[in-house]
Amino acid sequence: MHPEYPDKVGEIRRLRAAGVKGIKLHPMVNEFYIDAPKMFPMYEEIGDTMVILTHAGKLHADREETLYVAPSRILNVLQQFPKLRIIAAHLGGFYMLDEAERTLVGHPHIHIDTTWPPSVGDVGTEVLSRIIRKHGADKVVFGTDFCLVSQKEDAAVIERLPISTGEKERILGENAREFIGL
Numbered sequence: 217m218h219p220e221y222p223d224k225v226g227e228i229r230r231l232r233a234a235g236v237k238g239i240k241l242h243p244m245v246n247e248f249y250i251d252a253p254k255m256f257p258m259y260e261e262i263g264d265t266m267v268i269l270t271h272a273g274k275l276h277a278d279r280e281e282t283l284y285v286a287p288s289r290i291l292n293v294l295q296q297f298p299k300l301r302i303i304a305a306h307l308g309g310f311y312m313l314d315e316a317e318r319t320l321v322g323h324p325h326i327h328i329d330t331t332w333p334p335s336v337g338d339v340g341t342e343v344l345s346r347i348i349r350k351h352g353a354d355k356v357v358f359g360t361d362f363c364l365v366s367q368k369e370d371a372a373v374i375e376r377l378p379i380s381t382g383e384k385e386r387i388l389g390e391n392a393r394e395f396i397g398l
């Protein structure tokens, strides 16, 4: 959903009526703050009826960037709209895992996904396992971000983690099916 769409509320209603389960926000690409008041009517309309998948964190590790969607800004949205069903991509904060762990990881009303280009394996087994334990495997969903990332390789990273088979199954599919309502 583009932040400048002239009738965001009407579009949400149209999408919901068509059976669409959720929307994607990318504040870093579209250059808007996720907690900007212009987004509030849309969040109010969505409530708990659809899922919002949002980029979380930076775009680049080594650049100064406007942090349109820092983990703390996602937390601001959750505090103002507690019914929202949000998936914060990139473990809650691409290249901002310290802030994500302080603000979002472990929060009872948010899911995080495992997208981390080029591979979630780059996060490291210890860090990834710690985040999953802290957040709860029941609120982590598998994702790979874009076509240049190998879904097979990233699924293998999850399979190798020192977590239970049931937790792996939840992360690799069950959590998304339940949360999104598939």
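Letter by letter, the sequence shown follows residues 217 to 398 in the working numbering. C-beta: ideal position from N, C-alpha, C; glycine also. Keep in mind it's a predicted model, so treat the numbers as computed, not measured.
**Asked** Near Thr319, which residues of its chain fall below 6 Å by C-beta distance, leaving aside the five closest residues on each side in sequence?
**Response** Pro287, Ser288 and Leu291
**Prompt:** Just the Cα atoms here: how many angstroms apart are Ile348 and Val321?
**Reply:** 8 Å
**Request:** Give me the Cα-Cα distance between Leu300 and Asp264, rounded to the nearest whole angstrom.
**Result:** 5 Å
**Prompt:** Leu291 lies in the beta strand (DSSP E); which residues open and close that run?
**Reply:** Run containing Leu291: none in the beta strand (DSSP E); it sits in the alpha helix (DSSP H), Pro287 to Gln296.
**Prompt:** To the nearest angstrom, how far is it from the Cα of Val225 to the Cα of Pro257?
**Reply:** 7 Å
**Under the three-state DSSP convention, the category Arg301 falls into** = strand
**Leu370, enclosing beta strand (DSSP E) - first and last residue** = Residue identity differs from the one stated: residue 370 is Asp in this sequence, not Leu. That residue, Asp370, is in no beta strand (DSSP E); its alpha helix (DSSP H) goes Gln367 to Arg376.
**Request:** Count the CB pairs spanning the region 364-380 and the region 321-339 that are closer than 8 Å, and state whether there are at least three.
**Result:** yes
**Asked** Going straight from the alpha carbon of Glu280 to that of Gln296, what length do you get?
**Response** 28 Å
**Cβ shell of Ala305 (< 6 Å), same chain only, five flanking positions each side left out** = His271, Ala272, Asp329 and Thr331
**Asked** How is Val225 classed by DSSP in three states: helix, strand or coil?
**Response** helix
**Message:** Suppose you measure from the CA of Asp251 to the CA of Gly309; what does that come to, to the nearest Å?
**Reply:** 15 Å
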